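Residues 1 to 523 (UniProt numbering) make up the sequence shown, in order.
Beta carbons are placed, not taken as given, at the ideal position from N, Cα and C, and that holds for glycine.
Bear in mind the structure is a predicted one, so any value in this text is a computation, not a measurement.
What follows is a set of notes on a single structure, which appears directly below.
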Amino acid sequence: FLPLSISNKEQGDFSMVFGFPGRTQRFMTSHGLKLELNQLNKSRIKLREEKLALWKADMDKDPAIRIKYASKYASTANYYKYSIGQNEGIKRMKTVEGKEADEKAFQQWANADAQRKALYGDVLNQIGSAYANIEKYNLGTVYLNEAILGTESLLLAYRMSALQSALKAGNEANVKLAIEDLRPRVEAHFKDYNAASDKKVFAALLQFYHQDIAKEQQPESFKKLVQKHNGNFQKLADEVYSKSFVVSQQQTEAFLKNPTQKQLENDPAFQIVSSIIDNYRSNIIPQLTESNAKLAQANRLYVAALREMNPNKVYYPDANSTLRLSYGAVKDYSPQDAVRYSYYTTMEGLMAKEDPNNEEFVVPAKLKQLYKAKDYGRYANKDGELVVNFITDNDITGGNSGSPVINGKGELIGLAFDGNWEAMTGDLVYDPEFKRCINTDIRYVLFIIDKYAGATNLINEMTIVDNGNPGATDAGATTAAGSPTELLNQAVEEAKTQLSSGESKVKVKKKDGKKRVTVEVRN
């Protein structure tokens, strides 16, 4: 295992991240970037913005709804902000223009030699043609995920699909399995569900689906349903939410006690989601599958050509959830004029964000006590502060959460958990000016284990390295880590933990080299 360093970090200190980044697209051409910018991100932003606004209005009016939807709101807002940040980054960095310049130079290189022209001369046209066809059908995927399955009632109805198949086949064993799978999902669904709020989202998002998806790509049954209500999606929502059992926990549970194929297939919510998904599988997926296969083949040829064009350049492969290493340094950054973010944050910042009415920002009483007493033990920095997070310019993406961050001596100094908003283009291009990896400082992790949780038995199993840390003392003490006083404090904390678990006799021994401390408690 890695030794853990509680030494101070300074601007420019070496950092290295080991992890399993999920997916990047650094070889994407200008055609793909334009699709991300002008179609995919744009539509995600539009749909999520509407959903968030409708939820927020109800959450502001009713505390009960706010509690139910707080987590869902935060989750939806996360990718909404990501899409906005990615678009802003693409524009700020002029990424499309840069790719177009690279592609122009590539085309000139390919055309300069007859053999290269025959092999590579048409590859960019092939990529452009594949993207042009993808653009025609890709909104179907986005709107299925964001608008249709992004509506809670339709998502629950869709989850009844396996049950419908089992009922249709008359397979009682599979019916039973499907019901067993659905019951906990139904319970979790209705625990944080408000039908009135969901109904508003249903009406708004289905209207967007009808307006924005090419009419020939919509199922006939859905178009007839819209026509039946004269394009009034509020009336359509009124009908669905008054007749569907999936908007009521009582009715859904009653159905699961005695499910029938007829009742499920006649449910209006199930009919809508089934027709749209069946249509998607029949008419949209085949088009996208064919175009994506052509794109993958052309992309492989393009990357091979780039490597031939630049034989002295080392190209690293895109992330694919395999082990990768990224080296960098502890580094602050400036997101805009007159604004600069320090390379670390402290307990002071954590306490400033305390909000007892928001479960994500509640600070436990014991943590507040430790903060008030400045009882940070040996985990404080040279200025007596407890560092919570720090940033580096390591290259990470989704899948890196929890990755170890080590220093130049191979010692663990933190855990990566996020990236900054200004670098949401990271999956497409690395931006050294703005890209930052946000890490939890290992000193804060150890502080929580040791001082907050009192799990000194775990601390004792670790190799903790301190290469000179003047601030690393207990509150009110001036002793360095490893001194008799520090050993005594550790022993006392461990004894407290054992006593609190019900032990009446406790004996704790600590040693560091020739220094030894024993704490014994009897009765």
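query: In terms of residues, what are the limits of the beta strand (DSSP E) holding N389?; result: V387 to T392
query: To the nearest angstrom, how far is the alpha carbon of I449 from that of L256?; result: 45 Å
query: Helix or strand or just coil, what does DSSP make of L205?; result: helix
query: Where does the unbroken beta strand (DSSP E) through Q336 begin, and where does it stop?; result: Y333 to Q336
query: Compute the Euclidean distance between the alpha carbons of F18 and L33, then round it to the nearest angstrom.; result: 28 Å
query: Let me check understanding here. Comparing Cα to Cα, which of F208, G98 and F190 lies closest to E49?; result: F208
query: If distances are taken between C-alpha atoms only, which option among L488, V186, M351 and E253 comes closest to L155?; result: V186
query: Could you have a look at N400 and say whether DSSP puts it in helix, strand or coil?; result: coil
query: Sort out for me which residues DSSP pairs I438 with in a bridge.; result: I391 and D418
query: Report all residues from its chain with a CB closer than 7 Å to the CB of T24; omit the five preceding and five following residues, and keep chain order.; result: D318, A319, T397 and D427
query: Give every residue of the same chain whose Cβ lies closer than 8 Å to the Cβ of L325, excluding the five residues on either side of it in the sequence, and list them in chain order.; result: M16, V17 and F18
query: Tell me, please, whether the region 349 to 365 touches the region 453 to 465 by the rule of three or more beta-carbon pairs shorter than 8 Å.; result: no
query: V246 to M160, Cα distance in whole Å?; result: 10 Å
query: Would you report the Cα separation of L446 and D431, rounded to the nearest angstrom?; result: 32 Å
query: Just to confirm, are I90 and L163 a CB contact at a threshold of 8 Å?; result: no
query: Would you decide whether A254 is buried or exposed? Buried here means 16 or more other CB atoms lie within 10 Å of its CB.; result: exposed
query: Comparing C-alpha positions only, which one of Y131, L4 and Y69 sits nearest to M28?; result: Y131
query: Does G85 pass the burial test, meaning 16 or more other C-beta atoms within 10 Å, or should it be called exposed?; result: buried
query: Would DSSP call Y379 helix, strand or coil?; result: helix
query: Which class does Q11 belong to by DSSP, given the choice of helix, strand or coil?; result: coil
query: How far does the beta strand (DSSP E) with R185 in it reach, from first residue to last?; result: Segment E172 to K191 is the alpha helix (DSSP H) holding R185; no beta strand (DSSP E) there.
query: In angstroms with no decimal places, state the Cα-to-Cα distance between Y241 and E220.; result: 21 Å
query: Using the three-state DSSP reduction, which class does I406 fall into: helix, strand or coil?; result: strand
query: Of the residues L225, D375 and T76, which one's Cα is nearest the Cα of P268?; result: L225
query: On the DSSP letters alone, give me the boundaries of the alpha helix (DSSP H) that T289 sits inside.; result: I285 to M309
query: Taking the C-alpha atoms as reference points, what is the distance between M347 and G408?; result: 26 Å
query: For V246, name the three-state secondary structure that DSSP assigns.; result: helix
query: With distance defined between alpha-carbon atoms, name the residue in K176, K168, S334 and G414 nearest to Q261.; result: K168
query: According to DSSP, is T346 part of a helix, a strand, or is it coil?; result: strand
query: Using a Cβ-Cβ cut-off of 6 Å (strictly less than) and excluding sequence neighbours within five positions of P470, which residues of its own chain qualify?; result: Annotation note: pLDDT 49 at P470 (below 50); position unreliable, no value reported.
query: Which of the three DSSP states is assigned to residue 530 in this structure?; result: The structure shown does not extend to residue 530, since the chain spans only 1 to 523, so no value can be given for it.
query: Going by DSSP, which residues form a beta bridge with Y327?; result: M16
query: Name the one or two DSSP bridge partners that R522 has.; result: K505
query: Name the residue from N258, Y315, E290 and S401 whose alpha carbon lies nearest to the alpha carbon of R26.; result: Y315
query: Please work out which residues of its chain come closer than 7 Å, Cβ to Cβ, to A477, disregarding the five sequence neighbours upstream and downstream, and give them in chain order.; result: In this prediction, A477 scores a pLDDT of 34, lower than 50, which makes its location untrustworthy; no coordinate-derived value is stated.
query: Helix, strand or coil: how does DSSP classify L2 here?; result: coil
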